[in-house]
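Q: Chains as they are written, first to last, in our numbering: chain U, 1 to 383; chain D, 1001 to 1383; chain F, 2001 to 2383; chain A, 3001 to 3383. All C-beta atoms, glycine included, are put in the ideal place defined by N, C-alpha and C.
4 protein chains.
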Amino acid sequence: MKRTLRYGMVGGGQNAFIGAVHRMAANLDGQIQLVAGAFSSDPENSRSTGEQLFLDPRRVYPSFEAMAKAEAALPAGERIDFVSIVTPNFLHAPVATTFLKAGFHVVCDKPMTLTLKEARALRDTVRKSGKVFALTHNYTGYPMVKEARELVRTGRLGRILKVVAEYPQGWLLDRIEAEGQKQAAWRADPKKAGASCCVGDIGTHAENLGRYITGLHIEELCAEFTSFLPGRKLEDDANLLLRYRGGAKGVLHCSQISCGEENNLNIRVYGTKGALAWQQEHPNELKFVPKGEPAQILRRGNGYVSAAAKKSTRLPFGHPEAFIEAFANIYLEAVAAIRARSAGRKSAFDFPTVDDGVEGMAFIETAVKSARSNGKWTRFPKL
Amino acid sequence: MKRTLRYGMVGGGQNAFIGAVHRMAANLDGQIQLVAGAFSSDPENSRSTGEQLFLDPRRVYPSFEAMAKAEAALPAGERIDFVSIVTPNFLHAPVATTFLKAGFHVVCDKPMTLTLKEARALRDTVRKSGKVFALTHNYTGYPMVKEARELVRTGRLGRILKVVAEYPQGWLLDRIEAEGQKQAAWRADPKKAGASCCVGDIGTHAENLGRYITGLHIEELCAEFTSFLPGRKLEDDANLLLRYRGGAKGVLHCSQISCGEENNLNIRVYGTKGALAWQQEHPNELKFVPKGEPAQILRRGNGYVSAAAKKSTRLPFGHPEAFIEAFANIYLEAVAAIRARSAGRKSAFDFPTVDDGVEGMAFIETAVKSARSNGKWTRFPKL
Amino acid sequence: MKRTLRYGMVGGGQNAFIGAVHRMAANLDGQIQLVAGAFSSDPENSRSTGEQLFLDPRRVYPSFEAMAKAEAALPAGERIDFVSIVTPNFLHAPVATTFLKAGFHVVCDKPMTLTLKEARALRDTVRKSGKVFALTHNYTGYPMVKEARELVRTGRLGRILKVVAEYPQGWLLDRIEAEGQKQAAWRADPKKAGASCCVGDIGTHAENLGRYITGLHIEELCAEFTSFLPGRKLEDDANLLLRYRGGAKGVLHCSQISCGEENNLNIRVYGTKGALAWQQEHPNELKFVPKGEPAQILRRGNGYVSAAAKKSTRLPFGHPEAFIEAFANIYLEAVAAIRARSAGRKSAFDFPTVDDGVEGMAFIETAVKSARSNGKWTRFPKL
Amino acid sequence: MKRTLRYGMVGGGQNAFIGAVHRMAANLDGQIQLVAGAFSSDPENSRSTGEQLFLDPRRVYPSFEAMAKAEAALPAGERIDFVSIVTPNFLHAPVATTFLKAGFHVVCDKPMTLTLKEARALRDTVRKSGKVFALTHNYTGYPMVKEARELVRTGRLGRILKVVAEYPQGWLLDRIEAEGQKQAAWRADPKKAGASCCVGDIGTHAENLGRYITGLHIEELCAEFTSFLPGRKLEDDANLLLRYRGGAKGVLHCSQISCGEENNLNIRVYGTKGALAWQQEHPNELKFVPKGEPAQILRRGNGYVSAAAKKSTRLPFGHPEAFIEAFANIYLEAVAAIRARSAGRKSAFDFPTVDDGVEGMAFIETAVKSARSNGKWTRFPKL
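1) Starting from the beta carbon of D/His-1253, find every residue of chain U whose beta carbon is closer than 8 Å, and list them in chain order.
2) Measure how close the beta-carbons of D/Lys-1131 and D/Phe-1104 come, nearest whole angstrom, since I'm counting them as under 8 Å.
3) Counting only beta-carbon separations shorter than 8 Å, does A/Pro-2990 have a partner in chain U?
4) Verify the CB distance criterion: does A/Gly-3301 have a CB-CB separation below 8 Å to chain U?
5) Mind pulling the chain A residues with CB within less than 8 Å of F/Gly-2375?
6) Quick check: the segment 3098-3112 of chain A against the segment 3357-3373 of chain A, are there 3 or more CB pairs under 8 Å?
7) Kindly say whether A/Tyr-3270, judged by its beta-carbon, lies nearer than 8 Å to any beta-carbon of chain U.
8) Pull up the distance between the alpha-carbon of U/Tyr-212 and that of F/Lys-2117, whole angstroms please.
9) I want to see whether chain U comes within less than 8 Å of D/Thr-1226, judged by CB atoms only; does it?
10) Less than 8 Å between the C-beta atoms of A/Glu-3082 and A/Tyr-3142, yes or no?
11) Please classify D/Asn-1329 as buried or exposed, where buried requires at least 16 neighbouring CB atoms within 10 angstroms.
12) Output the boundary residues of the alpha helix (DSSP H) element that contains A/Ile-3330.
13) To the nearest angstrom, how far is it from the Cα of A/Val-3354 to the Cα of F/Ile-2257?
14) Counting only the same chain and skipping the five closest in sequence on each side, list residues whose C-beta sits under 6 Å from that of F/Asp-2356.
15) Which residues, in chain order, does the segment 2347-2370 of chain F contribute to contact with chain A at a C-beta distance below 7 Å?
16) Throw me the rounded Cβ distance for the A/Ala-3026 and A/Met-3067 pair, which I believe falls under 8 Å.
17) Of all Cβ atoms in chain A, is any one closer than 8 Å to the Cβ of D/Asn-1263?
18) How big is the Cα-Cα spacing for F/Arg-2299 and A/Arg-3268?
19) Quick check for students: name the residue ranges of the beta strand (DSSP E) that lie wholly in the segment 213-246 of chain U, counting only runs of 3 or more.
20) Would you say F/Ala-2337 faces chain U, with C-beta separation under 8 Å as the test?
21) Cα separation between U/Asp-38 and U/Ser-48?
22) Work out the CA separation of F/Ser-2084 and F/Pro-2043 for me, nearest whole Å.
23) Which residues in chain D have a C-beta closer than 9 Å to the C-beta of U/Gly-274? List them in chain order.
24) Sort out for me which residues DSSP pairs F/Leu-2276 with in a bridge.
25) Give me the chain D residues within the contact set of F/Tyr-2304, using Cβ-Cβ distance strictly less than 9 Å, ordered along the chain.
26) Determine whether the beta carbon atoms of U/Gly-318 and F/Asn-2264 lie at a separation below 8 Å.
27) Mind checking A/Gln-3052: buried by the 16 CB within 10 Å criterion, or exposed?
28) Which residue marks the beginning of the beta strand (DSSP E) containing A/Gly-3037, and which one marks its end?
29) With distance defined between alpha-carbon atoms, name the residue in D/Phe-1017, D/Lys-1346 and D/Lys-1382 nearest to D/Gln-1181.
30) Rounded to whole angstroms, how far is the Cβ of F/Cys-2254 from the Cβ of F/Gly-2203, which I believe are closer than 8 Å?
31) Closer than 8 Å, Cβ to any Cβ of chain A: which residues of the segment 2172-2183 of chain F, in chain order?
32) Going along chain A in order, which residues have a C-beta closer than 9 Å to the C-beta of F/Leu-2100?
33) Please report the distance separating the alpha-carbon of A/Gly-3231 from that of A/Leu-3005.
34) Below 7 Å CB to CB, which residues in the same chain sit around A/Lys-3369 once its five sequence neighbours on both sides are set aside?
35) Could you check which residue in F/Leu-2234, F/Asp-2189, F/Tyr-2270 and F/Ser-2040 has the C-alpha nearest to that of F/Gly-2247?
36) What is the DSSP secondary structure of A/Pro-3075, counted as helix, strand or coil?
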């Protein structure tokens, strides 16, 4: 398949945020081309978005159903190879299911679905389809996150004892969802976002990041949800204590009302032989402290980092990479998987899958359950 | 009283840590002079410590009881003005009580006592004695901690919503208490340290710091204690969720097994109008973020800091102050209080009192109670 | 012109560095499409590079001359709109001149030419051509560099007194140019790089950055060049003192043998009313210290930054942008200028021009002259 | 000599800065006792300062000559062991000479004298006297500066190629010397400060620090002095290029008009095998980058630091030490030398000597000479 892959997008019309990010990430490496879209439930928004993106108007659709049908009817050499789903949460499952059944690979934003039940059903659909399904837990695309995972995998930290994961933001310190800010409006609406706002939107990234780096799975948790702003239906702040399978302990807190915080996802992992720390807002550095030795600042692009970190890097050391490049790494891996699948090759790829999506939904639902029982320790369900 | 004050020390013999800190803090400003001591339960250790400190051998005592008695018998112009208690926890209450009853002012290390009950009894003794009692929660002596308190007091943060206080250390990642390390040995021994190791030794500093800065009191908490090292009787790691009176929420975690962490006490306070962050290992800076504005890095010694911060500062900006100077600020305030008390003046001073000690013991006991009930949310007792 | 622009590339074959960066920068925003190239003086390298980039083999050329001729002969709706020149320095002028004369706009890497004389000649050619010429002094594409310029422009720093610009790297601490490392080989070869290695390659970025932010022009300089590695013909380290027109003073030092340094371009500007500091390796932050007030950390994407910084930003605060995005900003502005020029519109755009290239070459030549006269203070020539 | 040493102070009256620092540094370790002083040329200032310091009024003198005479006449068991000189520069030599000739050891602030000639004469006096003479280049007292020196000494950096030393301050951005600010007034007055303000006051610290860490001596330099404020007689900003004996190169710049800078002395040293960086405002950390490896953050108090760093440390890791403690290390070493000298022992001690003072004065004079010749490269004189 010596050609760029073609994709279509569902969601991502004007005033959306994450759709534009997906497009830049997809553009970056010249491997993928946007050729179709159903960018909004508002057909005029969809149309004008398509025009701004220089798309053929015939492939700018008024609905995702129309798009799936029409694209499937195009000749193989023209139709999209995959779809990117960048809608509010409640549409993830229906759109993904529609396109999988129409024979397309899927890249989907997180959290995967509205409920755990829906997530399990989507897992079944993916398995039956034989198609690639990638979930954009984009923070695992950072090279130094991959380096962190390698440190754990290769035993440099010894046995993990404690994990502290934080994701503070401050952008919902005012009730902007009531003032028509689109991003806020759907996230604060249980019908569109699900049973959680803060944990569903960002806490799930912290959980996923911790799991990606350490390989640990949560066994029990205790959650304290707060909705600090009057009239807000879902929590805008959450503090959790975690017990991992095998005995490690964790603290995970996230917030959308922490004044001055921008997008400060960060993690510290403490083991018997070493510790590591990483901050999303300074993604090119990873702190590693071998027991009894000076802290080391590992930096992206150097000869001493692992093959996994090198593979996901585009620039030499000191030429910083950031959010879009990490996001693009998810796309690159998904695209490589699609190319392999199309060629009948079986290979391992490094992107979040439908199984990660199921575990993420289990995390959200368990946290909600604990919070609703006044912070009772609550066990994870079977996945 | 145009003279230096004279003091004696109980504890602080060779191989002790905190005694030497107290002496340096007391020396720094030339206001106080060490003239007596019962430095160890081992008389030879006491004697040789006294010798190294150039003390008159007649005022180096084999026991604190002997010291209290002998010093009380000296003429007013010779005897100590106050005693500094720097022993393991279990001796704080008996030594303090003895010296208060013998008519001396007291400076005492934290945590104040072994139990809350003992703390309340000591409070009664202090009140009856009319003497000054200062508890060395030394971290509140830092100028930029005082600045943080002023920011809260003057409304710059608005209403406080969330407090995150951390105190990770890593020095007990090996079981050094079993290898004769004195500092570790008594802290890990319930008879000498009380019902908690990690929370009693350092978590209590984090609680005190949060209370000092925000003025908030804990109403309920949920605590997860872990003893990661086999054979260790008390917890070496603790994670807590907090509910403050009035609705603010908190996360407090402390650890002695977090590899690579040295003495990383730090706090973040988020309010409706602003946020602040302070780290003990970089004590000359305080981050303040007014809502919607750039973060400000406030630095000790500048014209723009509050009177409270200025008062507790010795050096111009850029000439860093640190741990000993902060510790010395507790001494300076206690000494000023002693001078005022002796002169019959009533003034307000800024040092931790016996009431802080009682609230600290309540914190420790409530945390222990919650942890022992598998992390059940537990209410604070009446103080 | 409701379509993506088409461009061709000269240079940027396999094992090149900057060509790939240009392509990612050009890809990012979906405004530009690579359709042609003469990627290497080695036709096989050019061919296979074109194949990897999914290009039509007919538009992958064995030489830049062939490309200019063939593209000019294509119909308007097919031929390239502009060329990107990413070759070693000695080819910049001939390639640019060829394409300008063939009627194409030009994006060219820096330093602009081999000599100041050549730079002046190219300036004439550009002026006569009526075409857009953009020089990729990419570091001025960073939003917080634009913010820095706005701080100066709007008087927040008062009168500028002192500028300290540094650009330390360490990658030439071994003589890798003798071991076949392509990037090093041409940079260390006077025939391909010109009369300077370190100043020409990176010092010129520091000079350009200082000028972009402050608007100051150098009047005299004193330069100390060192070639620390035996056998190296050009300097690998340079330290300069600067006198600006109007009385400000400067220090500029750059190095390719500073162990541990990656790509640490940074600048501090001190004025009578305020100061600023920016580091390329942490590009989303800008430190600003108003006189007598706390330092402020301005961060990209916030409401409080200038329109200029906002315009060049793609992501919300806390979602870091980096090198490629800054580079892409140069392309976006150049593309906007090309669209405007094609539409007959006159507008101001924010990208480095041929005049910047001339001043950069004057800087390099003056530094070389001073260094060769044992560090004598040397005046800038007329541009 | 099992007793505290007794010292007297010349200078350091009210409104002085450095005198109080010397006293706190001397107090800290309980090894030294202040018993006498001639604190000011104003006898009333001297008297009241002595009173505040709880001194016996009979040992508070109206002049340093009176003090030297009277103290020398006291019995051996009463008179001072040494004098601390904390006056403006022009008095250093006369006071030191007087006390040395009266048989006292001397601790003296820097720069050592007004002129190089005076420095050489003082060196002769010291040598003849057989007394200890310590110069308070206090920044070399920091443990992590000693660690830096050990890294160089033990070859961890290989051959040194480049040194960048900076000392920016901003406190003279207004002409406060004309408004009666005492610290500024004498520093800006050539009669009291000597031929240089900025280099004499702080540049000399940067030179000394570089020499202490690297062992390198300057062979030639080129200096650009500026007096940015109208009416100021001496320079308030200086930029220098350095050539060291043996081929290393250096950049040294210092400033008193760099807005927002407090006391930001810092140094970077680049060698063939590694590099180091240290900042005075964050003194507990030292960055070390072995070639090709991650940067290491060495922190005071850890087991992995050198014996030299350990010896000069009072607190465990994570309990920060700072300016006063470093200053006190100079005193501790001087006191140890005095004790050894008194006991007839010969040992090596680690404090700045009269030879350091001579080299420092040579640096100042060479810089002045170069600056006055429009920045001509100028050779160091024979010391």
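A: So, from the data block:
1) Correct list: Val-164 and Val-251.
2) 7 Å
3) Absent from the structure is residue 2990 of chain A, since the part of chain A shown begins at 3001 and ends at 3383.
4) Interface with chain U (8 Å Cβ-Cβ cutoff): A/Gly-3301 is excluded.
5) Result: Cys-3222, Leu-3241 and Trp-3377.
6) yes
7) no
8) 57 Å
9) yes
10) Checking the sequence shown, residue 3082 of chain A turns out to be Phe, not Glu. The answer is no: Cβ separation not under 8 Å.
11) buried
12) 3323-3342
13) 36 Å
14) Leu-2135
15) none
16) Rounded, the Cβ-Cβ distance is 17 Å, inconsistent with contact.
17) yes
18) Answer to the nearest angstrom: the Cα atoms are 27 Å apart.
19) 218-226 and 237-244
20) no
21) One detail in the question is off: residue 38 of chain U reads as Ala in this sequence, not Asp. Each residue's alpha carbon lies about 11 Å from the other.
22) 18 Å
23) Cys-1259 and Gly-1260
24) F/Val-2269 and F/Phe-2288
25) Gly-1292, Glu-1293 and Pro-1294
26) Yes, the pair counts as a contact, with Cβ atoms nearer than the cut-off.
27) A/Gln-3052 should be labelled exposed.
28) 3032-3038
29) D/Phe-1017
30) 4 Å
31) Leu-2173
32) Result: empty, since nearest Cβ-Cβ is about 40 Å, beyond 9 Å.
33) Taking the straight line from one Cα to the other gives about 46 Å.
34) Cβ neighbours of A/Lys-3369 beyond the five flanking positions: Thr-3378.
35) F/Tyr-2270
36) coil
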